[in-house]
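All remarks here apply to the structure that follows.
Numbering (mature numbering (1 follows the signal peptide of the UniProt record, and there is no 0)), first residue to last: -17 to -1, 1 to 590.
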């Protein structure tokens, strides 16, 4: 049973010619049988669940109306104002639209048709024109232009001649390579007559305008050794397969720059939104439902995250800084002063030997405390022997502890704290280098990081830093680019960049191909996207792109590719703290020396 709704569009166009034409056809019962049979054949070819009819009020009912009214379906009579609505938002899309016009192209009907069939312009349409045979070519020409302007691609045209010549043959609208009419209903690929076809399966070498960015993973272009343009990337390969499979030719809408590639947001803003491209080699995402009406089906699910330099091993200078920290030096200083004072008091009280320079700093005590040999003073005092015993134990403990710490820190070096959360990133002195358009698109999501962000308009420079894994900055990255970076880092001696779940700013990003409004290529592209995922071609294209990246960026990068790097000799910077202590010791010795000279001079001068 055919379930349908008949929508009758009435308008205010009244012409005498169309009235005469319709009166001349009313008496013909053959037309009724013909249209009834034609509707049945169309329904058998592909079932339609709704029947939408638009006609001028100047055309009274005749055979086609009777054929439609014979179907036992509910009928809805609408005025023009009521019919001016978005059909797909309220009904299903399996419809057959019937248009009945007089000898002229009714622009009002075409405009209303475009509104009702918004985002489903490629649905089936059957047009009946009531006109004289001499005006057939003129009507076909104007109607063809109207179909092209609305991106209608599935139209069947029938003329009913008002001069008594009966019915014309059926004309099929063929949109490729250019819009034209064809009277051949026989489809050689199916070996049968087809009223409506998927014309996109063979675009007859139609030229499609496109453009590409250079985002590495999704799209990559470069010149080979012979100067030929090469393209790769899983978005580029999708569009290239689209052209190959459906017999189309791709052409860049504008020349590509080898050294100054455009960011994908600029391509969307300057080309896609202005309808300059038929099918771009970029993807887009949006939180707006209305935007998705002009997108293909989702091609990939991605994430947006921050990639940050991994925690680096401490340098030799930093290791010495950890070993010779304030706590350790404080213990040495405190122990030296305490034991020196005890030694001084024992000498003064028991031995009646006074030397003020040993009150807080005794060379015997200091050397013994750091584990070096020292000359013990001969004495019969048991207290002094106990001091030397304590000095020996403390010196042994501190020297052993220091040696173990040195051994562990140099053989298994510690690392700087790893940035693992958004809070760590905001507190870190490391800045995030971000492209201005990306920052704008992130909106409120980037505000917590605004103090850590450095904006740039130089996208090629940012891209070069990120591709070369320059650790001067952190970067915003897609999950696809991050996976490619992880594959690249497997050939390095150590991982250069890291990320974590807490650094994911967008956990769910569906990406699709943005198209023109009511694009005739949407159905074909959606069909291909599902086949690409079914056969796993996307993963193969990612691997192919990675191979090209390695060719363009040899593995002998500044990060190296040796898993066991050669040992390096100590440098001046490695001895930073040693130099600091040496200079500090010399300065302290110099100050003491001058104080002693001053004291000796003052003592002699007073005498």
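Backbone N, C-alpha and C define an ideal beta-carbon position, used for all residues, glycine too. Note that the structure is predicted; figures quoted are calculated from it, not measured.
The residues 140, 154 and 164, in chain order, have a CB closer than 8 Å to that of residue 123 in the same chain once the five nearest residues on each side in sequence are set aside.
Residue ranges of uninterrupted alpha helix (DSSP H) with 4 or more members, entirely inside the stretch 188 to 235 and ordered along the chain, are 217 to 228.
Classified as buried, residue 499 has 16 or more neighbouring CB atoms from the shown chains inside 10 Å of its CB.
In the DSSP assignment, residue 491 falls within the beta strand (DSSP E) that extends over 487 to 494. Annotated three-state conformation of residue 256 is coil, per DSSP. In the DSSP assignment, residue 463 falls within the alpha helix (DSSP H) that extends over 462 to 472.
In this structure, the beta-carbon distance from residue 449 to residue 458 falls below 7 Å. Cβ-Cβ separation between residue 262 and residue 496: approximately 7 Å, consistent with a contact (criterion under 8 Å). If you draw a straight line from the Cα of residue 358 to the Cα of residue 347, it comes to about 6 Å. DSSP places residue 130 in the helix class (H, G or I) of the three-state scheme. Inclusion of residue 171 and residue 264 in the CB contact set at 7 Å is not warranted, their separation being larger than that value. Around the beta carbon of residue 517, fewer than 16 other beta carbons lie within 10 angstroms, which makes this residue exposed. Counting along the chain, the unbroken alpha helix (DSSP H) around residue 444 starts and ends at 442 to 450. The three-state secondary structure of residue 314, taken from DSSP, is helix. Residue pairing by DSSP places residue 141 opposite 111 in a beta bridge. C-alpha of residue 319 to C-alpha of residue 371: approximately 12 Å in a straight line. Taking the Cα of residue 183 as reference, the smallest distance to any Cα among 463, 202, 200 and 160 is reached at 160. Just so you know, the alpha carbons of residue 585 and residue 324 end up roughly 27 Å apart.
For the set 125, 197 and 137, the Cα lying nearest the Cα of residue 80 is the one of 137.
DSSP places residue 265 outside both helix and strand once states are collapsed to three, so it counts as coil. Exposed is the label assigned to residue 120, since fewer than 16 other Cβ atoms lie within 10 Å of its Cβ. Going by DSSP, residue 343 is part of no beta strand (DSSP E) at all; its letter is neither H nor E.
Per DSSP, residue 528 is not a residue of any beta strand (DSSP E); the alpha helix (DSSP H) it occupies stretches across 520 to 535. Beta-bridge partners of residue 84 (DSSP): 112. Annotation: residue 78 to residue 93 spans about 17 Å, alpha carbon to alpha carbon.
Inclusion of residue 509 and residue 271 in the CB contact set at 7 Å is not warranted, their separation being larger than that value.
Residue 391 counts as exposed, since fewer than 16 other C-beta atoms from the protein chains shown sit within 10 angstroms of its C-beta. Look at residue 580 here: in three-state DSSP terms it is helix. Sequence-distant partners of residue 255 (beyond 5 residues in either direction) whose C-beta falls short of 6 Å from its own C-beta, in its chain, are 263 and 497. In this structure, DSSP gives residue 249 a helical state, which the three-state scheme calls helix.
Between the stretch 187 to 207 and the stretch 224 to 244 there are three or more inter-stretch CB-CB distances shorter than 8 Å, so the stretches are counted as touching.
Listed as beta-bridge partners of residue 387 by DSSP are no residues whatsoever. The Cβ atoms of residue 524 and residue 217 sit closer than 7 Å to each other. Residue state for residue 567 is assigned as helix, using DSSP reduced to three classes. Contact between the stretch 486 to 494 and the stretch 234 to 243 is absent: fewer than 3 CB-CB pairs across the two stretches fall below 8 Å. Here residue 237 is exposed. Its C-beta has fewer than 16 other C-beta atoms within 10 Å.
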